[in-house]
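Protein chains: 4
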Amino acid sequence: MIRIAIVGGTGYTGVELLRLLAQHPEAAVVAITSRKDAGTRVAQMFPSLRGRYDLAFCEPQQAALDRCDIVFFATPHGVAMSQARELVSAGTRIIDLAADFRLGDPAMFERWYKMPHACPELLEEAVYGIPEINRDAIRKARIVANPGCYPTTVQLGFLPLVEAGLVDPQRLIADCKSGVSGAGRKAELSLSYCETADNFAAYGVAGHRHWPEIVQGLNRASREPVRLTFTPHLTPIIRGILATLYAPLRDRDADLQALYEKRYAGEPFIDVMPPGSLPDTRSVRGSNTLRIAVHRPPDSDLALVIAVEDNLVKGAAGQAIQNMNLMFGLPETTGLQAPPLLP
Amino acid sequence: MIRIAIVGGTGYTGVELLRLLAQHPEAAVVAITSRKDAGTRVAQMFPSLRGRYDLAFCEPQQAALDRCDIVFFATPHGVAMSQARELVSAGTRIIDLAADFRLGDPAMFERWYKMPHACPELLEEAVYGIPEINRDAIRKARIVANPGCYPTTVQLGFLPLVEAGLVDPQRLIADCKSGVSGAGRKAELSLSYCETADNFAAYGVAGHRHWPEIVQGLNRASREPVRLTFTPHLTPIIRGILATLYAPLRDRDADLQALYEKRYAGEPFIDVMPPGSLPDTRSVRGSNTLRIAVHRPPDSDLALVIAVEDNLVKGAAGQAIQNMNLMFGLPETTGLQAPPLLP
Amino acid sequence: MIRIAIVGGTGYTGVELLRLLAQHPEAAVVAITSRKDAGTRVAQMFPSLRGRYDLAFCEPQQAALDRCDIVFFATPHGVAMSQARELVSAGTRIIDLAADFRLGDPAMFERWYKMPHACPELLEEAVYGIPEINRDAIRKARIVANPGCYPTTVQLGFLPLVEAGLVDPQRLIADCKSGVSGAGRKAELSLSYCETADNFAAYGVAGHRHWPEIVQGLNRASREPVRLTFTPHLTPIIRGILATLYAPLRDRDADLQALYEKRYAGEPFIDVMPPGSLPDTRSVRGSNTLRIAVHRPPDSDLALVIAVEDNLVKGAAGQAIQNMNLMFGLPETTGLQAPPLLP
Amino acid sequence: MIRIAIVGGTGYTGVELLRLLAQHPEAAVVAITSRKDAGTRVAQMFPSLRGRYDLAFCEPQQAALDRCDIVFFATPHGVAMSQARELVSAGTRIIDLAADFRLGDPAMFERWYKMPHACPELLEEAVYGIPEINRDAIRKARIVANPGCYPTTVQLGFLPLVEAGLVDPQRLIADCKSGVSGAGRKAELSLSYCETADNFAAYGVAGHRHWPEIVQGLNRASREPVRLTFTPHLTPIIRGILATLYAPLRDRDADLQALYEKRYAGEPFIDVMPPGSLPDTRSVRGSNTLRIAVHRPPDSDLALVIAVEDNLVKGAAGQAIQNMNLMFGLPETTGLQAPPLLP
């Protein structure tokens, strides 16, 4: 059994880790921390987990994190990097579901997250945790930077096109729509039911933190520098991201369907759908699958890619467990095989 | 492996059976029928099941139902009873998720379902499939009448009070609220998004088919005849039923919490919550658990019971699988252990 | 023109007053206050009002409230009573949309609102603002206590039965379902989209502040003391309350339909629907109408009443304007005639 | 008073016409037709209109359409063109809310709507009913082709850029999101609550009927031919369209804000919002206003325009009444002044 601690377990990624790990045959969650709710039983805060966990939230210092095999940080940005040095020295591996290790350049981190990086010397060894891109490195990593929800969808959506050099990487557009859980479990007016239900809006148009993360990832895959316009929107659903991606084709005759099928052949969590498909977010609700369809819109030289994921699973907790499975030599799909919940 | 056929698999109970059985280690779905969609692959109609099933829907007569160990009827009322005689003769067991075998009295069936009963001689041996009431009989049954969604919640909610004779059974009120999936997967204007979203309404006030079923069940548990007022409402959620139950107490000093905890001790799918709890439907979303809380409202001699279930799971497909597990000597929770999906 | 000030205008009742008063031919909103948002233009906070108001929120002391004809308090409980004495002395009339003047007994107020009453001497003259009950008194009132949202629906729903003595007033049950806007415009986790959408729950079962208000009102109408069980629920809709009311009939032969039609004959905002009707909340969305249907459930001696209102209109801002119209001698429907928004 | 008939009044555009016309001081709806529901009272089908209309639906031939001043066709495509010749000969004016007169080229109509055009000779005189583009022509028109919902938003969103030649018209992208009411009031499985709620999807990617209509309109405004990629999506809201529009700028220094403000100066129903604004659909819910914000995304040479409308008002019934007002010499805003409903 893998001894697991979750730091900051009261958010949606925390409870999603708990839900998924409850079904994982090799996982033993031995500690879950929350300063604010120390002493509260997990099953009291989340009645959906009654009968699944006896644990109570504890203070971080009481969690004996360094005696765990792995620590998931489901915390705000800035927490994981403050504890990373100590933990990896003690032989504990880390998966950070926040952004501390996502951007390779500490200056870029500081610019977007408004804090200096606490352990820039670890940035280089941290592995960006998309298994479909970095599988081998993840297996050996001590620190995995679990990607943001938008970046997972957008990178995997554009990847085959960009890797193949089939599109003009200077003119990429990602028009993305996210469910409200992407904003976290927070007491904020703008996230309240009456402000978000029966409503649709764009946000973060002037600059969203996931933008540099996506561009960094696409640049690594592309031979030419990437320019991306990224427009996130909030749609009144709980879980799910749908990304509508536009890229100008250089070769109008390319077989895009074959390209995608080949790139993702054998990937257990990437579903390249048949030609003409229109994936919807509910088709991945609660699951670690990312579904992709590739289109050629009429009277256009664009490739149009539609990709959907559950932002809390493939976009957060599920991908983190997929990474953990790799890090501990388990079959990659362990504990992640429940089908989506539909309807 | 249990060889399973599903008759009428294109509705929500059908796809929910498929979702749950995909995780069941002893289940092999060998056929699924649909007259209308024969030839269509299951995974084409329900992309959420891509990669889970290779099956296509087939014509009923091509399904070789009598060579299966068990047949689930996820059909409209009237289908199961037309095939029951033949199947049980062939040694195939039946779980009907429709109403054909729910009402013990064929006259009552005819009155509420507007058709004569096709095999009244089998009605007597059919077992009403609430394991928490009829566990032993279900184990041996050839035909299980899987209960309606409301009847499961309301009966299990009132049961301890009525069995114990603690309340006046002539003055029971069940004010129930159901998600829209309870009405099935149908092209009906009244079920369309624009007619049901951002809206709340009662329906079926003059007489709902689940009413005689509930009364029959409570009468079996009660020493005195039961009278029930049953008011169903439609609430804009996909899955879930919440029943608010009112019953006049005869003994104001009774320890209701202890009564419920004792009655349901050891039940794997009934969660009697701590005093003061207010269960919500999402706490059981996607799971076979029914959660119950018992209250004493201020300045009143009523018992107030709040019970929640997922109408497609404990109210339909999940309870059917629970019944199947009993019928085939498996641990009752087999394949039903995934936690609820929250948020 | 009536010179109007709104104190505390940033909540949902505040913006609803603004929406409705924008269409009122005799209303001039001259000031709107908010300590927190002083200086912000109304149309900046509420883009739906762009082009309708040039006003900015101001500090309360800058609002010259005593030079207005009427002040609406759309504030938390406790604010109106602290300013009432001064304002009425200056000849300014008051409509409090909070609870300060709803309960006639200051001890009761203190018990439920956890603060002493600041002007108990004014409680007696304050008029409880349901025009269908207190029309004449409202016309002359200096202080109107605008009722709570649940109390409006439940009192008007039970009223004809209780006034006529047709039911046992000791055994009333109000099973109520409210949209989320009833909880106000607040940054609270429990009101966030991901906690309330696709979910249904009861709350306040152990005692809700609207309970004593309803009981007080029904006691005034009844010759015998009233006992009420009141169960509020939260349903994922923005606006709307549906009350399902149960009352044991003393006279099984009474013509309930005629009773209701007669009691509310000529009322511009009460719609007694035809026999068999099932009003839904959207049929009153955005309007000041309260729709009622009366039923006799099968095999029962109960009267079953279903009443719907928009909690922000007839349950708050609309009724406040209806009261204002009476206080200033205008036709009662002035500015309140726009039809509901459906779908 | 303008004598008005509505043909095909049981859909969402029909009931929206009724809602809006109930507040219009110069409108008298004298007939409303429906073959299927002839004899049913309007207020029975739409309880939200109880007390507003005494009318019942009637058979089309009984409606005496030719004695009306104007007939609104809120019908499926193909109905208006079959009656247009006769009505205009009788001096009755027509506003078709379907597509019969939207495309100027009968071959194009036949290609997209799969039926020959019934009166191609009237196509030329029919005026495309966007007042902000064709105000003068609408005043004199006998036949107004009321635009589609998407075409209104997308054309008005792109218009200033395209008219000014500021963008490359060969590379326009309209990523659009619509509420479910845009699909009409229909008994279709794909529109049912359980299929659309808590879900987000694209549709019509291979070719949507509104695409040629938009391209036609933009071509009329542009000096160069237009190519447009149009991706419609369905979002779980009842009313509302949000269009996210991308256009490559030719002049990076152009003052887009000034351009839009100037183009729409004095327009009563176009709200060019301040720089940095992010309009949401609810800010126009129930109103005839279209709000627009213009952005320059970072590291990009695109103009990004976000436009929102209520698809049933500015996208259908409201714009139809705006057109009617022009046709009958009334102030353009008559009957259309109620503020949006928020929350």
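Protein chains in written order, with the numbering used here: chain A, 8 to 350; chain B, 8 to 350; chain C, 8 to 350; chain D, 8 to 350. The beta-carbon is built from N, C-alpha and C at its ideal position, and this holds for glycine as well.
Within the same chain, and ignoring the five residues on either side of glycine 16 of chain C in sequence, the residues whose Cβ sits closer than 8 Å to its Cβ are Val22, Leu24, Leu25, Ile39, Thr40, Ser41, Val49, Phe64 and Ala81.
With a 10 Å radius around the Cβ and a threshold of 16 neighbouring Cβ atoms, proline 347 of chain D comes out buried. The beta carbon of cysteine 156 of chain A does not come within 8 Å of any beta carbon belonging to chain D, so the residue lies off that interface.
At a C-beta separation below 7 Å, isoleucine 299 of chain D has no neighbours in chain A, since its nearest C-beta there lies roughly 12 Å away. Ranked by Cα distance from leucine 333 of chain C, the options C/Met280, C/Asn141, C/Gly172 and C/Glu66 are led by C/Asn141. Below the 8 Å Cβ cutoff, chain C contributes Tyr200 and Ala204 as neighbours of proline 243 of chain A, in chain order. Not a single C-beta of chain B is nearer than 8 Å to the C-beta of tyrosine 60 of chain D.
In the three-state DSSP reduction, lysine 184 of chain A falls in the strand class (E or B). Exposed is the label assigned to aspartate 112 of chain C, since fewer than 16 other Cβ atoms lie within 10 Å of its Cβ. The C-beta distance from alanine 324 of chain B to leucine 163 of chain B rounds to 17 Å, too long to meet the 8 Å contact threshold. For threonine 238 of chain A, a Cβ of chain D is located within less than 8 Å of the residue's own Cβ.
Here the segment 219 to 239 of chain B makes contact with the segment 148 to 165 of chain B; the two share three or more CB pairs at distances below 8 Å.
Assigned with DSSP and collapsed to three states, histidine 302 of chain B falls in strand. In this structure, the straight-line span from the alpha carbon of methionine 8 of chain C to that of arginine 149 of chain C is close to 18 Å.
Its Cα nearest to that of isoleucine 299 of chain C, the residue C/Tyr267 stands out among C/Ile328, C/Tyr267 and C/Gly322.
Counting along the chain, phenylalanine 80 of chain C sits inside no alpha helix (DSSP H); it lies in the beta strand (DSSP E) bounded by residues 77 to 80. Cα atoms of glutamine 329 of chain C and glutamate 66 of chain D: separation of roughly 40 Å, rounded to the nearest angstrom. With three or more CB-CB distances shorter than 8 Å, the segment 208 to 219 of chain B counts as touching the segment 111 to 130 of chain B.
In this chain, the beta strand (DSSP E) harbouring phenylalanine 237 of chain A covers 235 to 241. Considering only beta carbons, the part of the segment 307 to 321 of chain A lying closer than 7 Å to chain D consists of Ser307, Leu309, Leu311 and Ile313, in chain order. Taken atom to atom, the span from the alpha-carbon of threonine 20 of chain A to that of glutamine 51 of chain A is near 17 Å. Contact of lysine 193 of chain B with chain D by beta-carbon distance below 9 Å involves Ala194, Leu196 and Ser199. Not flagged as an interface residue toward chain D: glycine 247 of chain C, since no C-beta distance is shorter than 8 Å.
In the structure shown, the three-state DSSP call for alanine 63 of chain B is strand. Counting along the chain, tyrosine 157 of chain B sits inside no beta strand (DSSP E); it lies in the alpha helix (DSSP H) bounded by residues 156 to 170. Within 8 Å of the CB of aspartate 287 of chain B, the CB atoms of chain C belong to Asn206, Phe207 and Ala208, in sequence order along the chain. In the displayed model, serine 284 of chain A falls within coil according to three-state DSSP, outside both helix and strand. For tyrosine 135 of chain D, not one C-beta of chain B is nearer than 8 Å to its own C-beta. Between glycine 214 of chain B and chain C, the shortest Cβ-Cβ separation is below 8 Å.
Annotated as proximal: phenylalanine 207 of chain A and threonine 288 of chain D, with beta-carbon spacing under 8 Å.
With a threshold of 8 Å between beta carbons, proline 32 of chain B makes no contact with chain A. Classified as buried, proline 176 of chain B has 16 or more neighbouring CB atoms from the shown chains inside 10 Å of its CB. The segment 17 to 68 of chain C is shown to contain whole beta strand (DSSP E) runs of 3 or more residues at 34 to 40, in chain order. Per the C-alpha coordinates, the member of B/Val312, B/Gly46, B/Ala194 and B/Ala265 positioned closest to leucine 252 of chain B is B/Val312. Here arginine 234 of chain D has Gln177 as same chain residues with Cβ atoms under 6 Å from its own Cβ, once five neighbours each way along the sequence are excluded. Three or more Cβ pairs drawn from the segment 186 to 206 of chain C and the segment 237 to 245 of chain C lie within less than 8 Å of each other, which places the two stretches in contact.
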